[in-house]
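Novice: Protein sequences, first through last, are from chains A and B.
At the far end of the first sequence sits residue 222, using UniProt numbering, and the numbering has no gaps.
At the far end of the second sequence sits residue 216, using UniProt numbering, and the numbering has no gaps.
Cβ atoms here follow ideal geometry from the backbone N, Cα and C, with glycine treated the same way.
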Amino acid sequence: MTRAFLAVVARDLRLAGRIGGSGALSLVFFLMIVALVPFGLGPDLNLLARIGPGILWIAAVLATLIGLDRLFQADEEDGSLDLLAGAPAPLELLVLAKVAAHWLTTGLPLALATPLFGLLVALSPTAMAATSLTLLVGTPALTFIGAVGAALTASIRRGGLILAIVVLPLMVPTLIFGVSAADAALGGTVPFTTPLAILGALSLAAGVVGTLAAAAALRWGE
Amino acid sequence: MRLIAEDLACRRSGRRIFAGLSFTLEAGEALTVTGRNGAGKSSLLAILAGRLRPEAGRLAAEDVGERTIPECLHVVGHRDGLKGALTAQENLAFARDLLGDADLEPRAALARLGLAHAAGLPVAYLSAGQRRRVALARLLVCRRPLWLLDEPTAALDVASQGALAGLMRAHLAEGGLVVAATHQALGLESARELSVEAFRTGRADLADDPFAEAFR
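#1: Note down the Cα distance separating Glu105(B) from Leu140(B), rounded to an integer number of angstroms.
#2: Using a 10 Å radius around the Cβ and a threshold of 16 neighbouring Cβ atoms, would you call Met171(A) buried or exposed?
#3: For the segment 38-49 of chain A, enumerate the residues whose C-beta is nearer than 9 Å to any C-beta of chain B, in chain order.
#4: Using 10 angstroms around the beta-carbon of Ala207(B), count the other beta-carbons present and answer buried if the total reaches 16, otherwise exposed.
#5: Beta carbons nearer than 9 Å to chain A: which residues of the segment 143-161 of chain B have them?
#6: According to the Cβ coordinates, are Leu163(A) and Ala150(A) closer than 8 Å?
#7: Does the CB of Leu83(A) have a neighbour CB from chain B at under 8 Å?
#8: Should Pro70(B) be flagged as near chain D, meaning a C-beta pair shorter than 8 Å?
#9: Count the other C-beta atoms from every protein chain shown that fall within 10 angstroms of the C-beta of Arg216(B), then say buried if there are 16 or more, exposed otherwise.
#10: Please report the straight-line C-alpha distance between Leu172(B) and Thr64(A), rounded to a whole angstrom.
#11: Does Arg158(A) get closer than 8 Å to chain B when you measure Cβ to Cβ?
#12: Over the uninterrupted alpha helix (DSSP H) stretch that includes Gly57(B), give me the two end residues.
#13: Write down every uninterrupted run of the alpha helix (DSSP H) in the segment 167-208 of chain A whose length is 4 residues or greater and which is fully enclosed by it, in chain order.
#14: Please go through the same chain and pick out, in chain order, the residues whose beta-carbon is closer than 6 Å to the beta-carbon of Leu146(B), but skip the five residues on each side of it.
#15: Does DSSP put Ala26(A) in a helix, a strand or coil?
#16: Excluding sequence positions up to five away, which residues of its chain have a Cβ less than 8 Å from the Cβ of Ala102(B)?
#17: Sorted by chain position, which residues of the same chain lie with C-beta nearer than 7 Å to Leu43(B)'s C-beta, five sequence neighbours on each side aside?
#18: Does any residue of chain B bring its CB to less than 8 Å from the CB of Ala87(A)?
#19: Just how far apart, CA to CA, sit Pro140(A) and Ala213(A)?
#20: Using a Cβ cut-off of 8 Å (strictly closer), state whether Ser155(A) contacts chain B.
#21: Over the uninterrupted alpha helix (DSSP H) stretch that includes Ile55(A), give me the two end residues.
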């Protein structure tokens, strides 16, 4: 069972490395959004520094959507999903493996690149560290929520837009607590750890619910 | 292993495709499923593989311990389950790790199908027949008793068809089971034939079908 889990993680990481697709693309998309905001708002450094964490979070939410539509669709199209169904492991475990591999190639790079991109919106070092930490804790929730939408739209051609519409409203709570945690680090009445703990709880809950729901959606779609 | 199907019925997109289909397959037996295009051959295989729920009927396997039916079988069909960006060898190594029951090494399995030279090539570079052979090599890297083959000879050249027949005969001799949907002779003398068309539902059902008129 562990062997099957690791096999799926290793295969998806290898595929991501070889195709070089969604991981790098979502990082570039993230950079694009963050770079566009100062052009839109003008070079007001105080304003940018104040709304910087929010911009980074919105950019991260949108960048998560890149590549998500192919998460299960690629396997559905070439029949790999039938192969996974024959493994001596529950489908939930294999879905967890796929989502974990997807997060490692898309969510994790976003969190790690945040300090660098924070320079574009004039974040202070504290804010950079705080935003990066909240994204590290919060992006798993985004990926797991997105995985449910990806599983629901796996058999639909051009399901990407439907996926975004289904998934974005569900990502709002994560966005709220992510930004409030990052803001709390810059001062305010709420201690930093309170929203961060809720963000962690959201990620853990999304991990359980998202995995079960995505597996159920894949079974139902057969 | 022993596979028992009782009174299977299949309905897809609201249309009844077949009903009352029963058979028993003992260890070492092969079954070829025949019928015109759209008769329900692939649907029957999907039901056996557990990918499609039958509308009615029962499917059971005996002498397999605690394993479920999907854990006892290999499927080779139109969608080959191969990743174009990975090499043939990597694809097979993945199947071996995923499915367990490891048997032959990926390289040895590819050599049995005459593809030893292509082991290091990404599958996307291979021709349709070569891809099919890589998918068939999966039958050899993991030992599983039931082989479900959907048009296994499609895109294969004559030599490969012969090799496939040899593999199936060896599998049957070891007590394996083969269910193949096909239009062509597979070179298995012992195979029983099951025509899905014999289980088509009657005219009464066709009368409800808006397309039936066109096909009369």
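Specialist: Once the coordinates are examined:
#1: 8 Å
#2: buried
#3: none
#4: With a pLDDT of 47 at Ala207(B), under the threshold of 50, the modelled position of that residue is not reliable, and the figure given next carries that caveat. Label assigned to Ala207(B): exposed.
#5: Arg144
#6: The beta carbons of Leu163(A) and Ala150(A) sit closer together than 8 Å.
#7: Yes, because at least one Cβ of chain B sits closer than 8 Å to the Cβ of Leu83(A).
#8: Within the model displayed, chain D is absent; protein chains A and B are what it includes.
#9: Low local confidence applies: a pLDDT of 43 at Arg216(B) is under 50, so the model's placement there is unreliable, with the coordinate-based value given in what follows. Exposed is the call here.
#10: 49 Å
#11: Not an interface residue.
#12: That residue, Gly57(B), is in no alpha helix (DSSP H); its beta strand (DSSP E) goes Ala56 to Glu62.
#13: 172-184
#14: Correct list, in chain order: Cys72, Leu73 and Leu177.
#15: The displayed chain sequence assigns Ser, not Ala, to residue 26(A). DSSP places Ser26(A) in helix when its eight states are reduced to three.
#16: Arg96, Val141, Cys142 and Arg143
#17: Sequence check: residue 43(B) is Ser here, not Leu. Setting aside the 5 residues that flank it on each side, Ser43(B) is surrounded in the same chain by Cys10, Arg12, Ile17 and Leu52, each with a C-beta closer than 7 Å to its C-beta; the list follows chain order.
#18: yes
#19: 15 Å
#20: no
#21: Residues Leu45 to Leu65.
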